[in-house]
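Number of protein chains: 2
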Amino acid sequence: MSKFWSDVVHQLTPYVPGEQPKLSNLVKLNTNENPYGPSPKVIEALKLEAADSLRLYPDPNSDKLKAAIAENFGLQMSQVFVGNGSDEVLAHVFQALLKHEKPLLFPDISYSFYPVYCGLYGIKYETIALDKQFKIDIHDYARPNGGIIFPNPNAPTGIPLALAEIEKLLRQNTHSVVVIDEAYVDFGTESAVKLINMYPNLLVTHTLSKARSLAGLRVGYALGNKDLIEALMRVKDSFNSYPIDRFAEAGAVAAMQDSDYFEQTCAKVIATRQALVNDLKTLNFDSMPSGANFIFTKHRTVDGSILAEKLREHNIIVRHFKKPSRVAPYLRITIGTDAQSIALIHALKLILNTH
Amino acid sequence: MSKFWSDVVHQLTPYVPGEQPKLSNLVKLNTNENPYGPSPKVIEALKLEAADSLRLYPDPNSDKLKAAIAENFGLQMSQVFVGNGSDEVLAHVFQALLKHEKPLLFPDISYSFYPVYCGLYGIKYETIALDKQFKIDIHDYARPNGGIIFPNPNAPTGIPLALAEIEKLLRQNTHSVVVIDEAYVDFGTESAVKLINMYPNLLVTHTLSKARSLAGLRVGYALGNKDLIEALMRVKDSFNSYPIDRFAEAGAVAAMQDSDYFEQTCAKVIATRQALVNDLKTLNFDSMPSGANFIFTKHRTVDGSILAEKLREHNIIVRHFKKPSRVAPYLRITIGTDAQSIALIHALKLILNTH
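Note that the protein sequences, when read in sequence, are chains A and B. Each residue of the first sequence is one higher than the one before, counting from 1 in the numbering used here. Each residue of the second sequence is one higher than the one before, counting from 1001 in the numbering used here.
Rendered as structure tokens:
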């Protein structure tokens, strides 16, 4: 506390990301990173950027990257906004498109950064409870609002919402923006990007941190009607002219262009996920249906917090959320390699036998 | 304009950075980049980051970089804040420390991003006119305020303010934060960093884009009392957990540690500046005294806008500001290599003879 602080600072409750341990011998299944590194073509492109040209500013508009993203999805460049990770993109989305008289709506169990952004920008919001199966029911969102946002698949449940439901929501909610946060969409969830040209109230956000294996590079983007993108550009150009550095742009362009590598990697993660869900079932774990690179799972008798602590003793880190109480029994486990799944199952067998 | 926009978006007048032309045969003296590339040690460190580890998030707190910066200045890590370029650092400074009931004060001729940040965050401000010699007179800032910010050396004038004056200002203004934006300080201006342990109301911002030759990497930082830094951390952690990517952290650490290269490069720029000022004088240009890697100069008879346009025809880009009217006769010229100075003088001779 300090007299020098702006009022807003006193009230902030910052987001706490999953631990980034500095030890290297851990099986790290806590922050939904990809177990496979980026495409070799990305590495090649990045090496070229370590050069004298770093003395020069990057392109403030990241036009090459916008063009690569637009081409990938069959959109116009004016329908693409890029930022320093999808967290920065989301921050601008909250400030530019979701602050209105009526409250923003999002699920009670969802990405826990959403209420933090609301605190930062003074945005009114209401949370809508997931149903008993931890699913989003779009009928619950048929109420006055200044915007709607949720991840699809949702986090930390991993449960996908069908595209037909999203289209219904877009039709019932024409007076405010619907943001579909598709950070994990490439692991088996249907994307809403194909609806963009039909619905001017739809904005979709993506990240290169998960399916494109580039969490260390910090690139995310938003896709939508050009009027929505213009609002984001105005805020970005009032905040930071050059958010995407030369490495981030070059690496992201190469990643967007290497579809083969991307598809192979996603397929491997999906196969490992299915095997892990089956193995966990034999140990009395019930997992939610996942369209993501993680699963949300609970043991029938042992609490999530105990399991997370015991796994840590075996040098395995998973994520446990204390709140709300409905999710406390669960663990969120990132899908790693098959070898990491084997290590996890081995440790769980030891823990459950000695418990 | 769109019904989907938040109110603030309608009123924004974004900052317009200097042009980043996509042609490569230009003498680019418009955005104050360093004519010399980064240290070879920086290039080496960056090459190592093009690796499989990019699949993992960077350290959200950038501790290695904070440690390198702290060591460089003899400060504690808790006195260091880092961001995605000093523009992002400044954005957080405006939101976290400069929004109060009383107006923020800054010079009428100064970094033109300041009023843009005020627009983005709804901050009241008053501009204080520079004196007749285009200098900051700290007596003009002895009035009720919620904060004071100016660059030292000032931009676009390049004129340094003596450290004794800054210390007087810190003593006369104990109830709000004084931010000294030292983007260009390493080119011959005395830094206020040495005052940080004495004045809890002082915050100093730096960038690696200029003297450290890393405009393409996007790293800036703020130094000050730990209470001020905590406010910035709270806002950062409510905005983006991971603003500094793996390349940015590794390159910035190497740059902060290579003092020899940094000092040699700055000395070369200062020497070229002095020679250029002398050459321009023979062509009837009057230049303001500069403590920066640029000069603000005007011809005795030919207007700045005409000269900027004509130089462009010779493939030389410099910066011209139309507003306020006091600066319209001037050109802001970045200090390049000696060869670029020769090209500039040659072009000006042709332009002035044929005018």
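No residue lacks a Cβ here, since even glycine has one placed at the ideal position from N, Cα and C.
query                                                                                                                           : result
DSSP-derived helix/strand/coil call for residue 94 of chain A                                                                   : helix
Inter-stretch contact at 8 Å, needing at least 3 Cβ pairs: the segment 1032-1052 of chain B / the segment 259-272 of chain A    : no
Residue burial classification, residue 430 of chain A (beta-carbon count within 10 angstroms, cutoff 16)                        : Nothing can be reported for residue 430 of chain A, as the shown portion of chain A is limited to 1 through 355.
Residue 1069 of chain B classed as buried or exposed, judged by whether at least 16 other C-beta atoms fall within 10 angstroms : buried
Span of the alpha helix (DSSP H), counted from its first residue to its last, around residue 1140 of chain B                    : Unbroken run through residue 1140 of chain B: none, as it is neither H nor E.
Any C-beta of chain A under 8 Å from that of residue 1178 of chain B                                                            : no
Span separating the alpha-carbon of residue 231 of chain A from that of residue 1121 of chain B                                 : 15 Å
Contacting residues, own chain, Cβ-Cβ under 8 Å from residue 1148 of chain B (five flanking each side not counted)              : 1104, 1105, 1106, 1141, 1169, 1173, 1176, 1177, 1178 and 1179
Pairwise C-alpha distance: residue 341 of chain A and residue 1088 of chain B                                                   : 40 Å
Buried or exposed by the 16-neighbour rule on C-beta atoms within 10 Å, applied to residue 350 of chain A                       : exposed
Under 8 Å (Cβ pairs) to chain B, residues found in the segment 162-195 of chain A                                               : 175, 176 and 177
Boundaries of the beta strand (DSSP E) in which residue 1126 of chain B is found, first to last residue                         : 1125-1128
Neighbour flag for residue 114 of chain A against chain B, beta carbons, 8 Å                                                    : no
Cβ neighbour criterion (16 or more within 10 Å) applied to residue 1298 of chain B                                              : buried
Residue 1056 of chain B versus residue 48 of chain A: straight-line alpha-carbon distance, rounded                              : 21 Å
Below-8 Å beta-carbon distance, residue 336 of chain A vs any chain B residue                                                   : no
Coil, strand or helix - residue 318 of chain A by DSSP                                                                          : strand
Where the beta strand (DSSP E) through residue 1330 of chain B begins and ends                                                  : 1330-1334
At least three beta-carbon pairs within less than 8 Å, the segment 69-81 of chain A to the segment 1090-1101 of chain B         : no
Local conformation of residue 46 of chain A per DSSP, three classes                                                             : helix
Residue-level contact to chain A via CB, residue 1004 of chain B, 8 Å cutoff                                                    : yes
Coarse secondary structure for residue 207 of chain A, derived from DSSP in three states                                        : strand
Rounded straight-line distance, which links the Cα of residue 1118 of chain B to that of residue 1014 of chain B                : 11 Å
CB contact below 8 Å: residue 1046 of chain B versus chain A                                                                    : yes
Reference residue 334 of chain A; option with closest CA among A:44, A:345, A:347 and A:296                                     : A:296
contact_flag[the segment 237-244 of chain A, the segment 194-209 of chain A] where n(CB pairs < 8 Å) is 3 or more               : no
Terminal residues of the alpha helix (DSSP H) in which residue 1260 of chain B lies                                             : 1259-1282
For residue 1221 of chain B, the residue or residues it bridges with in DSSP                                                    : B:1082 and B:1206
Proximity of residue 79 of chain A and residue 224 of chain A at Cβ, strictly below 8 Å                                         : yes
Option nearest residue 1256 of chain B by Cα separation, candidates B:1282, B:1082 and B:1151                                   : B:1082
Nearest candidate by alpha-carbon position, reference residue 1421 of chain B, set B:1138, B:1143, B:1145 and B:1306            : The structure shown does not extend to residue 1421 of chain B, since chain B spans only 1001 to 1355, so no value can be given for it.
Min CB distance residue 950 of chain B to chain A below 8 Å                                                                     : With chain B running from 1001 to 1355 in the structure shown, residue 950 of chain B is simply not present.
Under 8 Å (Cβ pairs) to chain A, residues found in the segment 1282-1295 of chain B                                             : none
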